[in-house]
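Reminder that position 359 of the sequence shown reads as 386 in my numbering, one-by-one numbering, no gaps. The structure appears below as C-alpha cells.
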Amino acid sequence: MKITLEHARTALLHAQGLTGRQRKVKKADLLDTIRRIGVLQIDTISVVNRSPYVVLWSRLGGYPLNWLTDLLAERKLFEYWAHAACFLPIEDFGQYRRFMLDRRVPDSEVNAWASNRIPAGTIDGIRRHIRENGEVRSADFERNDGYKGGWWGWKAEKMALEYLFHVGEVMVARRDNFQRIYDLQERIHPWSDAKTPDVGAIHADWIERTVRMLGVAPERWLADYFRIKKGDVKRVLPGLVKAGVLTRVHVGDDPQAWLVHRDDTDTLQQIADGAIKASRTTVLSPFDPVVWDRDRLLGMFGMDYKIEVYTPEHKRKFGYFTLPILHGTRMVGRLDPKAHRKDGVLEIRRLHLEPGVKVTNKLVTGLNSALHDFAQWHGTPQVKITDTDTPAFADALRSSGLD
C-alpha cells in the first residue's frame, strides 16, 4: 500500500482523536481519551490550564477540571513514569509494575540516587509514618535543613517520597490543588507481583500500541512514545511484522517503509479514499503526544518547534509557553497565551503564522471559535491579542469578533 504524507498526518490525528467535530463531553470520555492516547503527560506550568488538561481539551472541548483528578481518586487512573511523568489507565498498572520492581535492584540509578542524597533512616521513617498514619503530602513535613525549596532543593522527606514512588512502594492516592497525596501501593491498588509480565512482552505490546496511537509510523519514531530503547525496538519489531500484527506501508517519497497495525489498514484505506478527513482547528499543548516528538513534528508537519520556557525572556522568539495551532492537517502557527483570571481576559501575548500559510476565512473562523472555547473554559471570556508578527491575521481575527 502507498499513501501520501497528507494521509499519514490524517491517520495520526484520527488515531489521536483530533479529527471531526467535538460533542458534549462526559467524564467517561476523559478516561476513554487517555486510554486512546495511552499516556497523558503531566506538567505543572499554569499560565493557562496545566498541560494534561489542555491535551484533553484539544480533543474534547470544555469540561470541569476536577474530572481528571476525580478519575485518579476513583482508581481509574494512576501516576507513574512513562513517556515522562504521566497519568495512566489503571489497567496498565501491571506493565509499569515491572519497572517499579526492577528499580529496586541494588545497582539501579534510583537506588544510587537515594543512597547519595537522602539521609540515613529517612526512607524507613517515611515508610513507618505512612503505614501508621495513612496518606501524606510532602508539605506535611517541615523543612529544618536551612535550605529553600526548588527543583534541586527538595527536602529529605520529599526525596524519600519520590524514591518510594519510583520503586512502587507508594502511589499517588489523589491530588489536592494538584499537589500529590501519597499512600502505600497495597492500599491504593492491591497487586500480586506474580502476575507482572516480563519486559519483552511489555515492549512488544508498547510497540504495537505505539503504531496504533500514531496511525502509521516509521521505525525511527517508535521508541519515543513509551521511551523504549531503540535496540529493544529493533529486537522486538521483526517478530510483530512476521506475525502480521504490523504491516509495512510506503508513505510519500520516504525510502523507509512505515508500519500500520493490521486492525487499522481499513481505516488507512478510508483515509486514502477521502472518507475520513481532518477538519478541526485547535491549539495543542507542547506536551501533547502529537507535539512532544520534535523530530516527528518537523518530519510530518514541517514545524520546527522548541518550548521556550527555559529560554531567557530577551532571547525568546515566539513566547514562554507557545501552543501550536492545528488547522485540518497542518500546523499553521503558534500562540503564547496567558489567562488573567481575575480580569476575565485570555491574553495572546504573541501570535505567529508559519511561513507560507495563507490567511483564509476558514482559518480565521476556525481559530476564532477555538480561542473563544478555550477562553470560556478558562473563565476568561475576553480574548486580547497583544503582539503579533502577522498583523493582517490578527486584524482578521479582531474583525471576526475575537478581540
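Even for Gly, the Cβ is constructed at its ideal location relative to N, Cα and C.
- Message: Rounded to the nearest angstrom, what separates GLU381 and ARG289 at their Cα positions?
- Response: Roughly 35 Å separates the two Cα atoms.
- Query: If you draw a straight line from the C-alpha of ALA231 to the C-alpha of THR387, how long is it?
  - Reply: Each residue's alpha carbon lies about 44 Å from the other.
- Supposed contact pair TRP233 and ILE19 - C-beta distance, whole angstroms, cut 8 Å: No statement about residue 19 is possible, as the shown extent of the chain runs from 28 to 430 and does not include it.
- Does the distance from the CB of VAL137 to the CB of TYR90 come in under 8 Å? No; because the gap between Cβ atoms is not below 8 Å, this pair is not in contact.
- Query: Does the Cβ-Cβ distance between GLY47 and SER306 come in under 8 Å?
  - Reply: Contact flag set, yes.
- Message: Spatial neighbours of VAL260 within its chain, please: C-beta separation below 7 Å, excluding the five flanking residues on both sides.
- Response: Excluding sequence neighbours, VAL260 sits near ILE234, GLU246, LEU249, ALA250.
- Query: From ASN204 to ASP300, what does the alpha carbon distance come to, in whole angstroms?
  - Reply: Rounded to the nearest angstrom, the gap between the Cα atoms of ASN204 and ASP300 is 47 Å.
- Spatial neighbours of ARG323 in its chain, beta-carbon cut-off 7 Å, leaving aside the 5 residues before and after: Result list for ARG323: TRP248, in chain order.
- Message: I'd like the list of long-range same chain contacts for TYR190, defined as Cβ closer than 7 Å, with 5 residues on each side in sequence excluded.
- Response: Same-chain partners within the cutoff: VAL137, ALA141, ILE145, ILE150.
- Task: Figure out for me which residue from VAL82, LYS385, ASP363, ALA221 has the closest Cα to the Cα of VAL74.
- Result: For the set VAL82, LYS385, ASP363, ALA221, the Cα lying nearest the Cα of VAL74 is the one of ASP363.
- Output the distance between the C-alpha atoms of ARG164 and ARG36, rounded to the nearest integer angstrom. A direct Cα-to-Cα measurement between ARG164 and ARG36 gives close to 42 Å.
- Query: Between which two residues does the beta strand (DSSP E) harbouring THR356 extend?
  - Reply: Per DSSP, THR356 belongs to no beta strand (DSSP E) and is neither H nor E.
- Does DSSP put ILE157 in a helix, a strand or coil? Helix, per DSSP.
- Task: Drop a sphere of 10 angstroms on the beta-carbon of LEU424, count the other beta-carbons inside from all chains shown, and report buried for 16 or more, exposed for fewer.
- Result: Label assigned to LEU424: buried.
- Item | Cβ distance (whole Å) where LEU241 is taken to contact ALA42 below 8 Å | The beta-carbon distance between LEU241 and ALA42, rounded to whole angstroms, is 6 Å. This is short enough to meet the 8 Å contact definition.
- Alpha-carbon to alpha-carbon, ASP97 and SER121: According to the sequence provided, residue 121 is Gly. The question's Ser does not apply to it. Straight-line measurement puts the Cα of ASP97 at about 22 Å from the Cα of GLY121.
- Give a yes or no on whether the C-beta atoms belonging to THR417 and LEU373 are separated by under 8 Å. Going by C-beta atoms, THR417 is not nearer than 8 Å to LEU373.
- Cβ of ILE412 within 8 Å of Cβ of LEU390? Against a cut-off of 8 Å, the Cβ pair of LEU390 and ILE412 comes out as no contact.
- Taking PHE105 and ILE69 to be in contact with their CB atoms under 8 Å, please state how far apart those CB atoms are, rounded to whole angstroms. No, PHE105 and ILE69 are not in contact; Cβ-Cβ is about 12 Å, not under 8 Å.
- Query: Shortest alpha-carbon distance to LYS333 belongs to which of GLU340, SER426, TRP319?
  - Reply: When only C-alpha atoms are compared, the closest one is TRP319.
- If you measure from the CB of ILE72, is any heavy atom of the ligand HEM nearer than 7 Å? With respect to the ligand HEM, the structure offers nothing, as it holds no ligand at all.
- Using the rule of at least 16 other Cβ atoms within 10 Å of the residue's Cβ for burial, across every protein chain shown, is SER78 buried or exposed? With 16 or more Cβ atoms within 10 Å of its Cβ, SER78 is classed as buried.
- Message: Could you pull the DSSP bridge partners for THR309 from this structure?
- Response: BP columns for THR309 point to LEU353.
- To the nearest angstrom, how far is it from the Cα of ARG125 to the Cα of ALA366? In this model, ARG125 and ALA366 are separated by some 40 Å (Cα to Cα).
- Query: If we call anything under 8 Å between Cβ atoms a contact, is ILE157 one with ALA187?
  - Reply: Going by C-beta atoms, ILE157 is not nearer than 8 Å to ALA187.
- Query: Taking just the CA atoms, how far does LYS344 sit from ASP400?
  - Reply: Whole-angstrom Cα-Cα distance: 26 Å.
- Endpoints, the alpha helix (DSSP H) within which THR223 is located: Taken as a continuous stretch (DSSP letters only), THR223 belongs to no alpha helix (DSSP H), as it is neither H nor E.
- Query: What does HIS277 pair with, by DSSP beta-bridge criteria?
  - Reply: Partner(s): LYS29.
- CA-CA distance, ALA244 and ASP291? A straight-line Cα-Cα distance of about 12 Å links ALA244 and ASP291.
- Candidates ALA221, ARG130, ALA100, GLY44: which alpha carbon is nearest GLY88's? Of ALA221, ARG130, ALA100, GLY44, the residue nearest in Cα terms is GLY44.
- Measure the C-alpha to C-alpha separation of ALA166 and ALA183 and round it to an integer number of angstroms. Rounded to the nearest angstrom, the two C-alpha atoms are 12 Å apart.
- Message: To the nearest angstrom, how far is the alpha carbon of ARG376 from that of GLU335?
- Response: Approximately 14 Å between the Cα atoms of the pair.
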